[in-house]
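*Asks:* One structure, pasted below without further comment.
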Amino acid sequence: MQNPVFRRSLGTAIAAVSLALPVFALQGPIVAPKPLSDGDVQSIKDGLVAWRTPGGRLNSACASCHSPDAFDLAQFAFDDATIRRRATSHVSDENATKIIALVHAMRRKYAITVPLDPMNDRPLQPGGKTLPGATSEDRDLAFGKSLMPLAPTLMAGRIDSLAKAEEAEKEIMAIDPRQLPIGISINRWSEDIFHGDEHGTVADWITDLPCAPDPTKQKEWFDIVDAYIAEPTDANLWRLYNAVPDHTVPFTNMPFSKEFAYHKYLSMLVGQQLLREKALGVEDARRSGPVAFAYLGTGIVPNPMWDLGEYAALNEGLDMETQGMPDEVIPTISQKISFPDQMRAMKAPWLWMGWLQDQGLQRTATDQNTRNGRYFSLALYSDGDLAIHNCFMVTRKQLVQSLDPTALPEGRAQHYTFDFSEFVAHRNAIRYEPQEPERQALFRTMADNAFRMAMYLLIDDAKRTGVVQSKATDEFQLQAIREYLIYSDPGHKAQNVALADRALDVVESATDAGSRQ
Numbered sequence: 257m258q259n260p261v262f263r264r265s266l267g268t269a270i271a272a273v274s275l276a277l278p279v280f281a282l283q284g285p286i287v288a289p290k291p292l293s294d295g296d297v298q299s300i301k302d303g304l305v306a307w308r309t310p311g312g313r314l315n316s317a318c319a320s321c322h323s324p325d326a327f328d329l330a331q332f333a334f335d336d337a338t339i340r341r342r343a344t345s346h347v348s349d350e351n352a353t354k355i356i357a358l359v360h361a362m363r364r365k366y367a368i369t370v371p372l373d374p375m376n377d378r379p380l381q382p383g384g385k386t387l388p389g390a391t392s393e394d395r396d397l398a399f400g401k402s403l404m405p406l407a408p409t410l411m412a413g414r415i416d417s418l419a420k421a422e423e424a425e426k427e428i429m430a431i432d433p434r435q436l437p438i439g440i441s442i443n444r445w446s447e448d449i450f451h452g453d454e455h456g457t458v459a460d461w462i463t464d465l466p467c468a469p470d471p472t473k474q475k476e477w478f479d480i481v482d483a484y485i486a487e488p489t490d491a492n493l494w495r496l497y498n499a500v501p502d503h504t505v506p507f508t509n510m511p512f513s514k515e516f517a518y519h520k521y522l523s524m525l526v527g528q529q530l531l532r533e534k535a536l537g538v539e540d541a542r543r544s545g546p547v548a549f550a551y552l553g554t555g556i557v558p559n560p561m562w563d564l565g566e567y568a569a570l571n572e573g574l575d576m577e578t579q580g581m582p583d584e585v586i587p588t589i590s591q592k593i594s595f596p597d598q599m600r601a602m603k604a605p606w607l608w609m610g611w612l613q614d615q616g617l618q619r620t621a622t623d624q625n626t627r628n629g630r631y632f633s634l635a636l637y638s639d640g641d642l643a644i645h646n647c648f649m650v651t652r653k654q655l656v657q658s659l660d661p662t663a664l665p666e667g668r669a670q671h672y673t674f675d676f677s678e679f680v681a682h683r684n685a686i687r688y689e690p691q692e693p694e695r696q697a698l699f700r701t702m703a704d705n706a707f708r709m710a711m712y713l714l715i716d717d718a719k720r721t722g723v724v725q726s727k728a729t730d731e732f733q734l735q736a737i738r739e740y741l742i743y744s745d746p747g748h749k750a751q752n753v754a755l756a757d758r759a760l761d762v763v764e765s766a767t768d769a770g771s772r773q
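Following this line, the structure appears as structure tokens:
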């Protein structure tokens, strides 16, 4: 029986992957070039038994929270004392010794000579590092400056023609956001209150409650896991991923276990695969487009990282008891950092990672608030003061949704989509506008140009096709943009108003795409 948590946000994605999953191998080696010694083979064999042995606090096994073969501990420079200390809360000291030997054997298997720093290396951090700056405002400004050579038409001057709008579009679409450093630090792989209250948080990759195999399907589950360990191919990853809803059971029936822990576990599976491939020097070109997992099929695709960020956004105001955190977990969580603050610390990082996997947000299985990036945009405004990041995200999202052939699920016709969502609605662009002079000036130039670019592209597309994506949305957004441009660019009021009015006239005379589908 499928766990209920997957019905709302993950069930459709998993079903779509299962139905459409082709058999793909990684484009590169799947094991380290050096053969393992007999001793390492035995250490891995014995270590996996200990890795899967439940016990201690929560009666859980290491494998129910971490990667299938301890690759994640091998990838990060957790020392032996740390591994033993944390392992012995679940297993005997003898089994902890076997797990330590497993981790060292895995480092040799994957030729990991310089493991990542668990404190300073952020998993899947775009561009490899967080932009410098003492505050989020500083980092937001640094992000804006980094865009200037990549999208000069957007970031400087004034877009006042269709030709300039099309030039800006090309520049923005040529950017790879996965390689673009941002001012948001992705959560650490694993946090540990042992290092202080700052680290007593749920804002990391490792689930706080186990995703244990269903006792009635344990052999089948470990057969799937063993196949993945033997050959960590892309196809075997998704076979393992797809097995999670039917072959594991939640620790409790509360949201903290059935939703939060499951989203974390699935995100961890995908994350450790991407780290594993990087350790092997594997680059899978199929994931390079705006929809990373589009190759899995033409419908909804997996996006557990978005699901985790959205869970944090929707539940940030609920305390530990309401979400259902068991008493056994509470000692591992700081009582000096409020639980809502811990949830809030996950919103922007995980929503950004989820957006990187589906940059049009049309193939992630949730609802209209996902598809228009509502929670994401609000999080970038209110939880980080990241207005320039926000403008880039919503502008690129709109272009990807409108122009990239992989952006929409099968059955939906592609039209130019004019929707800045919460970035401009309710006067948010004014309300959350940066106050520091340099950042404010850059934001105004960027936002003004983004709005004008979108209006020129909307007018051009609507005139050619006679169709707009949503007349109601377009008219609402155009009124808000008209107001913002009057406020932000008073020196060109007449030109901006004329452009907005022209766009409104074109939208009014067009046909709504909803009536065509």
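Residues in the sequence shown are numbered consecutively from 257, following our numbering.
Beta carbons: idealized from backbone N, C-alpha and C, even for Gly.
Since the structure is predicted, the reported quantities are computational estimates derived from the model, not experimental observations.
Considering only C-alpha positions, which residue in the set M581, N684, I415 and P310 is nearest to F595?
*Replies:* Taking only the C-alpha atoms, the option nearest F595 is M581.
*Asks:* Taking the alpha helix (DSSP H) that E320 belongs to, which residues open and close that run?
*Replies:* Note that residue 320 corresponds to Ser in the displayed sequence, not to Glu. Counting along the chain, S320 falls outside any alpha helix (DSSP H), and DSSP gives it neither H nor E.
*Asks:* Spatial neighbours of D641 within its chain, please: CB distance less than 7 Å, with the 5 preceding and 5 following residues excluded, ordered by chain position.
*Replies:* Excluding sequence neighbours, D641 sits near S392, E393 and D396.
*Asks:* Flag this pair as yes or no: are the beta carbons of H360 and A317 separated by less than 8 Å?
*Replies:* No, Cβ-Cβ distance for H360 and A317 is not below 8 Å.
*Asks:* Taking C-beta to C-beta, are A306 and K354 nearer than 8 Å?
*Replies:* The answer is yes: Cβ separation under 8 Å.
*Asks:* On the three-state DSSP scale, how would you describe L664?
*Replies:* If DSSP states are grouped into helix, strand and coil, L664 belongs with coil.
*Asks:* Please report how far the alpha carbon of D296 lies from the alpha carbon of A343, in whole angstroms.
*Replies:* So the two alpha carbons sit approximately 20 Å from each other.
*Asks:* Between the segment 573-589 and the segment 535-543, do at least 3 Cβ pairs fall closer than 8 Å?
*Replies:* No, the segment 573-589 is not in contact with the segment 535-543.
*Asks:* Secondary structure at D336, three-state DSSP: helix, strand or coil?
*Replies:* Helix, per DSSP.
*Asks:* Considering only their Cβ atoms, is the gap separating I644 from L698 smaller than 8 Å?
*Replies:* Yes, the pair counts as a contact, with Cβ atoms nearer than the cut-off.
*Asks:* Just list the residues that DSSP pairs P469 with in beta bridges.
*Replies:* P469 is bridged to T504.
*Asks:* Considering only the alpha carbon of each residue, which of A517, P511 and L522 lies closest to A499?
*Replies:* Per the Cα distances, L522.
*Asks:* Give the range of the alpha helix (DSSP H) segment to which K426 is assigned.
*Replies:* First-last of the alpha helix (DSSP H) with K426: L418 to M429.
*Asks:* Helix or strand or just coil, what does DSSP make of L387?
*Replies:* L387 falls in the coil class under three-state DSSP.
*Asks:* Would you please state the rounded distance, in angstroms, between the beta carbons of A550 and T651? I believe it to be under 8 Å.
*Replies:* Not confirmed; about 21 Å, so no contact.
*Asks:* Could you pull the DSSP bridge partners for L372 from this structure?
*Replies:* According to DSSP, which records beta bridges pairwise, L372 is partnered with F332.
*Asks:* Let me make sure I understand the geometry here. Which of D563, L552 and I300 has the alpha-carbon closest to that of Y631?
*Replies:* For Y631, the nearest C-alpha among the options comes from D563.
*Asks:* Going by DSSP, which residues form a beta bridge with G311?
*Replies:* Beta-bridge pairing links G311 to S316.
*Asks:* Tell me the rounded alpha-carbon separation between D325 and V526.
*Replies:* One C-alpha to the other measures close to 14 Å.
*Asks:* Please go through the same chain and pick out, in chain order, the residues whose beta-carbon is closer than 6 Å to the beta-carbon of T463, but skip the five residues on each side of it.
*Replies:* Excluding sequence neighbours, T463 sits near C321, A517, K520 and Y521.
*Asks:* Sorted by chain position, which residues of the same chain lie with C-beta nearer than 6 Å to Q529's C-beta, five sequence neighbours on each side aside?
*Replies:* Once the five neighbours on either side are set aside, the close Cβ partners of Q529 are L493.
*Asks:* Would the beta-carbon of D717 fall within 8 Å of that of I593?
*Replies:* Against a cut-off of 8 Å, the Cβ pair of I593 and D717 comes out as no contact.
*Asks:* For the alpha helix (DSSP H) that contains I449, what are its first and last residues?
*Replies:* Premise fails: I449 is in no alpha helix (DSSP H) and is neither H nor E.
*Asks:* In terms of alpha-carbon separation, which member of I485, A728 and R708 lies closest to T409?
*Replies:* Selected option, being the one with the closest Cα: R708.
*Asks:* Measuring alpha carbon to alpha carbon, tell me which of M702, E764 and L760 ends up nearest D745.
*Replies:* Closest option to D745, Cα to Cα, is M702.
*Asks:* What does a CB cutoff of less than 7 Å around A357 pick up in its chain, not counting 5 residues either side in sequence?
*Replies:* The answer, listed in chain order, is S299 and G303.
*Asks:* Do you know offhand how far S633's Cα is from P506's?
*Replies:* Cα to Cα, S633 sits roughly 31 Å from P506.
*Asks:* Among residues of its own chain, excluding the 5 on either side of A352, which ones have a beta-carbon nearer than 8 Å to its beta-carbon?
*Replies:* Excluding sequence neighbours, A352 sits near A306, I339, R340, A343 and T344.
*Asks:* Pull the bridge partners of V724 from the DSSP assignment, please.
*Replies:* According to DSSP, which records beta bridges pairwise, V724 is partnered with D768.
*Asks:* Would you check if there are 3 or more beta carbon pairs closer than 8 Å linking the segment 565-574 to the segment 605-621?
*Replies:* Touching, yes, given that three or more Cβ pairs across the two stretches are closer than 8 Å.
*Asks:* Assuming the contact rule is C-beta atoms closer than 8 Å, W445 and D328 should be a hit. Round their C-beta distance to whole Å, please.
*Replies:* 6 Å between Cβ atoms; contact.
*Asks:* For the alpha helix (DSSP H) containing R600, list its first residue and its last residue.
*Replies:* Looking at the DSSP string, the run of the alpha helix (DSSP H) that includes R600 is F595 to Q613.
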